[in-house]
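In this note's numbering, the protein residues as written are 639 to 898.
Every residue, glycine too, gets a C-beta built ideally from N, C-alpha and C.
Step one of this worksheet: look at the structure below.
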């Protein structure tokens with residue numbers, strides 16, 4: 639950083655009563671969780687031809703130079719973390735497990751598929767956070783998961799969420815720092831449905847069922863993430879800011895704000 643530029647900025651902030659040196663020192667103690675999916679443009683490694691689909695996610699999945707396997711992904715992450723300052727963590731998605739070429743159903747992914755990631759994090763003395771992968775799957779093709787009218791599809795995703803919490807708890811226990819398991823779903827519609835309440839009632843009940851099992855907060859903590867909108871869900875989002883704010887407050891959960 640150019641010393642003169644920082645000196646000028648420091649003086650301007652000082653006029654507002656802000657000590658920038660203290661602010662930077664405080665920031666260095668705040669853990670920043672780097673999301674892993676930037677390494678391969680949200681493809682994951684469930685199969686050799688895994689690619690992004692659905693969810694209204696505004697990335698293409700075909701970024702040139704993206705990591706093609708977990709070895710390349712970890713090398714890319716090491717490079718990033720070598721040049722990014724501060725206290726670091728890594729936020730993993732469920733579809734980035736090590737499946738050894740086997741076709742493991744999303745509802746059957748388990749802690750053993752992330753043993754390699756736990757060892758990797760231990761070597762670097764860092765924590766891991768976690769996310770269920772509620773997209774890029776046939777059971778999410780119509781844009782609904784935990785709020786789906788079809789009970790069988792809801793149950794599939796509820797079990798997926800249960801497994802994600804078990805994995806996060808195993809990570810937190812092994813690494814000695816709570817793993818934040820964040821739940822984001824793509825559920826929404828391009829137009830306003832006649833029944834907006836029904837979807838949210840189903841989402842509430844699905845979340846309750848998914849989070850029924852208690853884990854020590856020293857191992858994992860739950861967060862729910864709002865969704866602003868997405869391609870194909872421009873008008874109606876089931877997990878809106880208002881819905882999740884109320885849900886988090888009433889269930890003593892953390893809330894992850896989608897800042898766009």
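In terms of residues, what are the limits of the beta strand (DSSP E) holding residue i?
{"i": "residue 778", "result": "Run containing residue 778: none; DSSP gives neither H nor E here."}
{"i": "residue 893", "result": "892 to 894"}
{"i": "residue 863", "result": "858 to 863"}
{"i": "residue 766", "result": "765 to 769"}
I need the boundaries of the alpha helix (DSSP H) containing residue i, first residue and last residue.
{"i": "residue 884", "result": "879 to 889"}
{"i": "residue 817", "result": "That residue, residue 817, is in no alpha helix (DSSP H); its beta strand (DSSP E) goes 817 to 821."}
{"i": "residue 754", "result": "753 to 761"}
{"i": "residue 801", "result": "789 to 813"}
{"i": "residue 848", "result": "834 to 848"}
Compare the C-alpha of residue i against each of the options and name the closest.
{"i": "residue 762", "options": "733, 717, 742", "result": "717"}
{"i": "residue 752", "options": "775, 774, 728, 772", "result": "728"}
{"i": "residue 687", "options": "702, 674, 706", "result": "706"}
{"i": "residue 811", "options": "861, 764, 857, 660", "result": "857"}
{"i": "residue 836", "options": "877, 828, 866", "result": "877"}
{"i": "residue 738", "options": "765, 792, 860, 685", "result": "685"}
{"i": "residue 736", "options": "883, 758, 897", "result": "758"}
{"i": "residue 760", "options": "769, 809, 773, 894", "result": "809"}
{"i": "residue 801", "options": "840, 832, 819", "result": "819"}
{"i": "residue 790", "options": "664, 840, 869", "result": "840"}
{"i": "residue 869", "options": "853, 652, 842, 825", "result": "825"}
{"i": "residue 712", "options": "646, 755, 742", "result": "755"}
{"i": "residue 708", "options": "723, 721, 659, 675", "result": "675"}
{"i": "residue 773", "options": "821, 853, 710, 741", "result": "821"}
{"i": "residue 834", "options": "881, 861, 823", "result": "881"}
{"i": "residue 680", "options": "871, 778, 704, 743", "result": "704"}
{"i": "residue 769", "options": "673, 743, 779", "result": "673"}
Return the bridge partner residues of residue i from the DSSP annotation.
{"i": "residue 669", "result": "725"}
{"i": "residue 874", "result": "827"}
{"i": "residue 731", "result": "769"}
{"i": "residue 868", "result": "871"}
Does the separation of the CB atoms of residue i and residue j fall below 8 Å?
{"i": "residue 873", "j": "residue 813", "result": "no"}
{"i": "residue 827", "j": "residue 781", "result": "yes"}
{"i": "residue 896", "j": "residue 865", "result": "yes"}
{"i": "residue 725", "j": "residue 816", "result": "no"}
{"i": "residue 733", "j": "residue 683", "result": "yes"}
{"i": "residue 671", "j": "residue 767", "result": "yes"}
{"i": "residue 677", "j": "residue 715", "result": "yes"}
{"i": "residue 892", "j": "residue 855", "result": "no"}
{"i": "residue 851", "j": "residue 792", "result": "no"}
{"i": "residue 658", "j": "residue 645", "result": "no"}
{"i": "residue 867", "j": "residue 807", "result": "no"}
Q) Does the segment 739 to 751 come close enough to the segment 784 to 791 to have 3 or more Cβ pairs within less than 8 Å? A) These segments do not touch.
(Q) Taking 8 Å as the cut-off, does the segment 884 to 898 touch the segment 793 to 805 (at least 3 CB pairs, one atom from each stretch)? (A) no
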